[in-house]
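Engineer:
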Amino acid sequence: MGETERRLRELETLKTIAETLNRSVELSRALGETLPLAVSLLGLRSAWIFLYDPATDRLQLAADAGLPVALARDGRRRLCAGDCNCHYFFRTGGLEEPVNIVQCSRLQSAPEEEREGLEYHASVPLRVEGRALGILNVAAPGRHLFSKEDLALLLAVGYQLGAAVERARLVERQRRQERELAAWQERNRLARELHDSVTQLLFSLQLTLEAAATLAATDASRVGGKLARARELAGLALAEMRALIRELRPEAASRDLAEALRAHARMLGRLHDLPVEVRWEWPPSRPLPPHVETSLLRIAQEALSNVIRHARASRARVRVAPHREGLLLEVRDDGAGLRPAPGGASGAGGYGLRFMRERAEEMGGRLEVVSPRGGGTRVRVYVPLAPRVREG
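Quick note: the sequence shown uses this note's numbering, first residue 378, plus one each step.
In structure tokens form, the structure reads like this:
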């Protein structure tokens with residue numbers, strides 16, 4: 378074979394191996410598909426890969442192709458049991474470059490008829506940016522020496538395999554981080570749902586029971602009504618908790634946002650004697666995405682809960698209307714307004730406001746809390762929505 382022909386064959390081999398490695402970022406699949414191909418293209422009989430596992434400080438068998446019976450039998454027991462000569466080279470830094478002849482201690486311990494003519498192998502380092510990732514071992518029957526050109530080609534293949542291993546590990550690390558982020562977001566969502574729904578109901582229950590205790594000393598005839606309200610609130614809190622446990626959406630799942638807001642307004646009027654007007658100005662021809670409905674409902678509930686707890690208001694109003702290329706949710710009351718907190722922060726700057734702001738930002742919107750000098754508070758949420766497509 379001429380030099381030019383040999384070089385073209387090497388380039389074609391490397392190209393084919395690279396294309397195979399790039400088909401998958403899942404490590405075992407990428408190596409499992411590439412190693413038999415490399416064995417065939419390189420004119421070998423057997424190959425196997427050990428990868429270093431920092432967690433156990435051991436080299437673990439990661440892939441193999443064309444193993445003789447001696448190494449394949451009993452679930453590859455000989456390959457997986459203990460260290461060997463190539464492991465020693467790896468640990469002592471003796472695999473900076475390919476090692477041509479390695480007498481395989483694993484093969485030597487096997488019956489001759491099971492070795493299928495194999496006694497030696499070459500060991501090729503798998504490295505990325507100077508870091509040792511593992512070993513590629515290759516062997517062919519009756520072949521003791523690999524030429525300088527063969528070793529150079531094997532080293533190039535080793536670099537490709539090392540890069541694929543590193544890429545797969547990076548992808549797996551990213552996926553693990555994404556799973557951890559998703560778990561954190563889910564915990565945060567559940568905490569927010571608990572605060573937005575169950576905590577509000579339990580707070581109302583506490584206020585109702587406190588009022589019942591006060592009436593017991595002054596007007597016992599009205600205690601029964603307060604206890605009935607307390608029983609209703611406890612039932613609502615239990616239903617919300619069960620819905621969360623079952624991973625169900627809140628009450629907006631079974632009715633649209635307009636009806637959910639009106640139902641909540643009726644409940645507040647019944648339980649807290651607070652008249653709440655709902656002005657629904659959003660066009661029915663533009664249905665809102667479910668996640669937007671859920672977030673808007675929870676923001677409105679939290680804002681009205683703040684009215685009950687802090688505002689000493691006689692009435693409140695909830696308005697949903699178009700605003701430029703999006704939507705406006707406004708909750709306003711005629712109460713005392715916000716008082717500055719220590720350090721100049723808004724008096725509404727606690728846990729509830731933070732969650733309202735987070736919900737608004739998750740929709741790509743923004744939250745605005747205004748308390749005019751004349752009294753009262755306005756909570757406004759601006760949410761951008763995709764423009765309506767005109768029918769033609």
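Each residue gets a CB set at the ideal place from its N, CA and C atoms; glycine is no exception.
Nothing here was measured: the structure is a model prediction, and the numbers come from that model.
What is the residue span of the alpha helix (DSSP H) that residue 676 lies within?
Structural biologist: Residue 676 -> alpha helix (DSSP H) spans 667-683.
Engineer: Could you check whether residue 467 and residue 495 sit closer than 8 Å to each other, using their CB atoms as the reference points?
Structural biologist: Not closer than 8 Å, so no.
Engineer: Check whether the Cβ atoms of residue 451 and residue 424 lie closer than 8 Å to each other.
Structural biologist: No. Outside cutoff.
Engineer: Going along the chain, which residues of its own chain have a beta-carbon closer than 7 Å to the beta-carbon of residue 669, five neighbours each way excluded?
Structural biologist: Contacts found: 740, 760.
Engineer: Please report the straight-line C-alpha distance between residue 499 and residue 404, rounded to a whole angstrom.
Structural biologist: For residue 499 and residue 404, the distance between alpha carbons rounds to 23 Å.
Engineer: Please report the Cβ distance between residue 501 and residue 535, rounded to the nearest whole angstrom; I am assuming they are in contact, meaning their Cβ atoms lie under 8 Å.
Structural biologist: With 8 Å as the limit, residue 501 and residue 535 qualify as a contact, their Cβ atoms being about 4 Å apart.
Engineer: Rounded to a whole number of angstroms, what is the C-alpha to C-alpha distance between residue 402 and residue 537?
Structural biologist: Each residue's Cα considered, the two are about 13 Å apart.
Engineer: Using the DSSP secondary-structure output, state which residues sit across from residue 434 in a beta bridge.
Structural biologist: Partner(s): none; residue 434 has no beta bridge.
Engineer: Can you tell me which of the three DSSP states residue 386 falls into?
Structural biologist: Three-state DSSP puts residue 386 in a helix.
Engineer: Where residue 493 and residue 434 are concerned, what is the direct C-alpha to C-alpha distance, given to the nearest angstrom?
Structural biologist: Their backbone Cα atoms lie some 32 Å apart in a straight line.
Engineer: Are the beta-carbon atoms belonging to residue 584 and residue 634 less than 8 Å from one another?
Structural biologist: Result no, Cβ atoms of residue 584 and residue 634 do not sit closer than 8 Å.
Engineer: Could you tell me which uninterrupted alpha helix (DSSP H) segments, each at least 4 residues in length, are contained entirely in the region 509-571, listed from first to last along the chain?
Structural biologist: Counting whole runs of 4 or more residues, the region 509-571 contains the alpha helix (DSSP H) stretches 525-570.
Engineer: Along the chain, where does the beta strand (DSSP E) containing residue 502 start, and where does it finish?
Structural biologist: Unbroken beta strand (DSSP E) run through residue 502: 497-505.
Engineer: Any heavy atom of the ligand SAH closer than 7 Å to the beta-carbon of residue 471?
Structural biologist: Inclusion of the ligand SAH in the displayed structure is not the case, the ligand content being empty and no account of it being possible.
Engineer: Do you know how far the Cα of residue 541 is from the Cα of residue 524?
Structural biologist: Roughly 26 Å between the two C-alpha positions.
Engineer: Please check the pair residue 427 and residue 439, which I expect to be a contact at CB under 8 Å, by giving their CB distance rounded to whole angstroms.
Structural biologist: Right, the Cβ-Cβ distance comes to about 7 Å (below 8 Å), so this counts as a contact.
Engineer: Per DSSP, what kind of secondary structure is residue 747 in: helix, strand or coil?
Structural biologist: Residue 747 falls in the strand class under three-state DSSP.
Engineer: Taking the alpha-carbon positions, what's the residue 663 to residue 762 distance?
Structural biologist: One C-alpha to the other measures close to 10 Å.
Engineer: Taking all protein chains shown into account, do 16 or more other C-beta atoms lie within 10 angstroms of the C-beta of residue 656, making it buried, or fewer, making it exposed?
Structural biologist: Residue 656 is exposed by the Cβ-count criterion.
Engineer: Can you look up residue 689 in the DSSP assignment and give me helix, strand or coil?
Structural biologist: It is coil, neither helix nor strand.
Engineer: Between 750, 546, 646, which lies nearest to residue 581 when the distance is taken from Cα to Cα?
Structural biologist: The candidate whose alpha carbon is nearest that of residue 581 is 646.
Engineer: Write down every uninterrupted run of the beta strand (DSSP E) in the region 464-492 whose length is 3 residues or greater and which is fully enclosed by it, in chain order.
Structural biologist: For the region 464-492, whole beta strand (DSSP E) runs of length 3 or above, ordered along the chain, are 476-480.
Engineer: From the DSSP output, read off the bridge partner residues of residue 699.
Structural biologist: Partner(s): 704.
Engineer: Excluding the five sequence neighbours on either side, which residues of its own chain have a C-beta within less than 7 Å of the C-beta of residue 618, listed in chain order?
Structural biologist: If we look at residue 618 and ignore the five residues flanking it on each side, its Cβ neighbours are 575.
Engineer: Got a sec, what are the start and stop residues for the alpha helix (DSSP H) residue 446 sits in?
Structural biologist: Its alpha helix (DSSP H) spans residues 446-457.
Engineer: What residue does the beta strand (DSSP E) around residue 654 start on, and which one ends it?
Structural biologist: 653-657 is the span of the beta strand (DSSP E), which, as asked, contains residue 654.
Engineer: What number of angstroms, rounded off, separates the C-alpha of residue 474 from the C-alpha of residue 554?
Structural biologist: Approximately 35 Å, taken between the alpha carbons.
Engineer: Could you tell me which residues DSSP puts in a beta bridge with residue 401?
Structural biologist: DSSP, once it has assigned bridges, lists no residue as partnering residue 401.
Engineer: Taking only the alpha-carbon atoms, compute the straight-line gap between residue 516 and residue 526 and give it to the nearest angstrom.
Structural biologist: Answer to the nearest angstrom: the Cα atoms are 16 Å apart.
Engineer: Which class does residue 439 belong to by DSSP, given the choice of helix, strand or coil?
Structural biologist: Of the three classes helix, strand and coil, the one that applies to residue 439 here is strand, per DSSP.
Engineer: What residues in its chain sit with their C-beta under 7 Å from that of residue 698, if we drop five residues either side in the sequence?
Structural biologist: Contacts found: 658, 659, 705.
Engineer: Based on Cα-Cα distance, which residue from 389, 432, 513, 738 lies nearest to residue 412?
Structural biologist: Here the closest residue by C-alpha is 513.
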